[in-house]
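Q: Have a look at this one.
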Ligand SMILES: *Cc1c(COP(=O)(O)O)cnc(C)c1O
């Protein structure tokens, strides 16, 4: 006989019959029509839909310029190129991010210096950044972890004082607001990902935004082999390759999807915030669960809903809780394994233990499902499953 409240991992009935993923895109008939229209047109790449999408995106994030690229990683690569990051240069980065944030520095031949995060928000701690500065530091790349803007005023002031550039990896933060200003032109360059788990999607895609015309021009050239065509050029066939760029272009097909998706962003942000609020209320009563800190002077875009488990109150570790929740058909995830822990970075000489706040958080974190199409019942299923698993293993 299996007890009625037995964990699914022990053979009990799961809280949900079907798996709820941690994130999921939404594509509607309007999106499909927008894509079909482009497919019937003369341009399926390098055409007018790209420029239209860029214009709409720039407007949405309050930046003068937006340059569409093939993915969020290309956006970071282009940003690292545009600011002139090169061999011998150091960039300071949070270890609590996706590997691509750090990889873009390596693509340019630079060196990554990881600085620890704040314990409440898990975003780059400006005091730790300051402590990590060296004469070789050229850039700070900050990540708006889980969707909440990082300490942009402090980081920008530090960058200005030391003659550094500030790049903001806002892959989690499309639609976020910092001290009354939208995320998009608060750093020298801001990058976005348009992957299906992010706020709006183009399948694969990315965007670089800035208020700086020269930086925008460098990103634009970089995405097309480093080729420029100067205005007023007499011969139509003439172009010049002035830098070693890549083919990082976004197609018109993708841009049409992105433009259509962007129209729904505000509604989606509101739904994400409502889901987060429902979680906050529910977990306020669960002492084993600690949500991330929410700062009053900024609006999170709620890309991820991350909790930390109070492991000292449980008889098992995060791995058991993770597996038990998966068995309950809750698609939990972990964001992120600290970047310097990856074998590739270990091979470069980074060692565990250098970023105690991020590493401590990593050992106990879980990402719970959050995406606009989730219903209140879905949210309640997650809360029920977390409560069930935690109660089972409570000390
Ligand atoms: C998604 C993501 C990226 C990479 O974006 P892609 O579009 O998958 O290349 C980079 N940084 C962060 C923080 C991300 O979440």
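In my numbering, the protein residues as written are -9 to 385.
Ideal placement from N, C-alpha and C gives every residue a C-beta, glycine not left out.
Everything numeric in this text was worked out from a predicted model, so none of it was measured.
Can we count residue 75 as close to ligand 1, meaning its CB is less than 7 Å from some heavy atom?
A: Every heavy atom of ligand 1 is 7 Å or more from the Cβ of residue 75, so no.
Q: Measure the alpha-carbon distance for residue 35 versus residue 345 and round it to whole angstroms.
A: Rounded to whole angstroms, residue 35 to residue 345 spans 44 Å at the Cα level.
Q: Would you report the Cα separation of residue 41 and residue 214, rounded to the nearest angstrom?
A: Their Cα atoms are separated by approximately 15 Å.
Q: Output yes or no for whether 8 Å exceeds the beta carbon distance between residue 293 and residue 163.
A: Cβ distance < 8 Å, so residue 293 and residue 163 count as in contact.
Q: Using 8 Å as the threshold, is the region 312 to 323 in touch with the region 0 to 18, meaning 3 or more CB pairs across them?
A: Segments in contact, yes.
Q: At 3 residues or longer, and completely inside the region 223 to 304: list those beta strand (DSSP E) runs for me, N to C.
A: Complete beta strand (DSSP E) runs here, min 3: 279 to 281, 295 to 299.
Q: Which residue wins for smallest C-alpha separation from residue 356, given the options 311, 336, 328?
A: Answer by Cα proximity: 311.
Q: Should residue 30 be labelled buried (16 or more other beta-carbon atoms within 10 Å of its own) or exposed?
A: Exposed, because fewer than 16 other Cβ atoms sit within 10 Å of the Cβ of residue 30.
Q: Starting from the Cα of residue 60, find the closest Cα among 68, 54, 233 and give me that residue.
A: That would be 68, whose Cα lies nearest to the Cα of residue 60.
Q: Just checking residue 42 against ligand 1 - is the residue's beta carbon closer than 7 Å to any of the ligand's heavy atoms?
A: No, ligand 1 has no heavy atom inside 7 Å of this Cβ.
Q: Kindly indicate the opening and closing residues of the beta strand (DSSP E) around residue 196.
A: That run of the beta strand (DSSP E) goes 196 to 200.
Q: Do the region 76 to 91 and the region 128 to 139 meet, that is, are 3 or more Cβ pairs less than 8 Å apart?
A: Touching, per the Cβ criterion.
Q: For residue 347, which residues of its own chain have a beta-carbon under 6 Å away from its beta-carbon, when the five flanking residues on both sides are left out?
A: Cβ neighbours of residue 347 beyond the five flanking positions: 106, 107, 109.
Q: Could you check whether residue 66 and residue 191 sit closer than 8 Å to each other, using their CB atoms as the reference points?
A: No; because the gap between Cβ atoms is not below 8 Å, this pair is not in contact.
Q: For a test of your reading of the model: does the CB of residue 237 fall under 7 Å from any non-hydrogen atom of ligand 1? Yes or no.
A: No.
Q: For the candidate residues 216, 43, 19, whose alpha-carbon lies nearest to that of residue 245?
A: When only C-alpha atoms are compared, the closest one is 43.
Q: Please list, in chain order, all residues of the same chain as residue 234 whose beta carbon is under 7 Å from its beta carbon, the five residues on each side excluded.
A: So the list reads 216, once near-sequence residues are dropped.
Q: What are the residues that DSSP puts in a beta bridge with residue 340?
A: BP columns for residue 340 are empty, so no partner.
Q: Whole angstroms is fine: what's the gap from residue 19's alpha carbon to residue 255's?
A: When rounded, the distance between both Cα atoms is 16 Å.
Q: Under DSSP, the beta strand (DSSP E) around residue 101 begins and ends at which residues?
A: Counting along the chain, the beta strand (DSSP E) containing residue 101 begins and ends at 101 to 104.
Q: Going residue by residue through the region 14 to 60, where are the continuous alpha helix (DSSP H) segments of at least 4 residues, counting only ones entirely within it?
A: Here the runs fully enclosed are 19 to 29, 38 to 51.
Q: Using only alpha-carbon positions, find the residue among 278, 261, 258 that is nearest to residue 298.
A: Nearest C-alpha to residue 298: 278.
Q: Determine which residues share a DSSP beta bridge with residue 355 and list them.
A: Looking at the DSSP assignment, residue 355 forms a beta bridge with 298.
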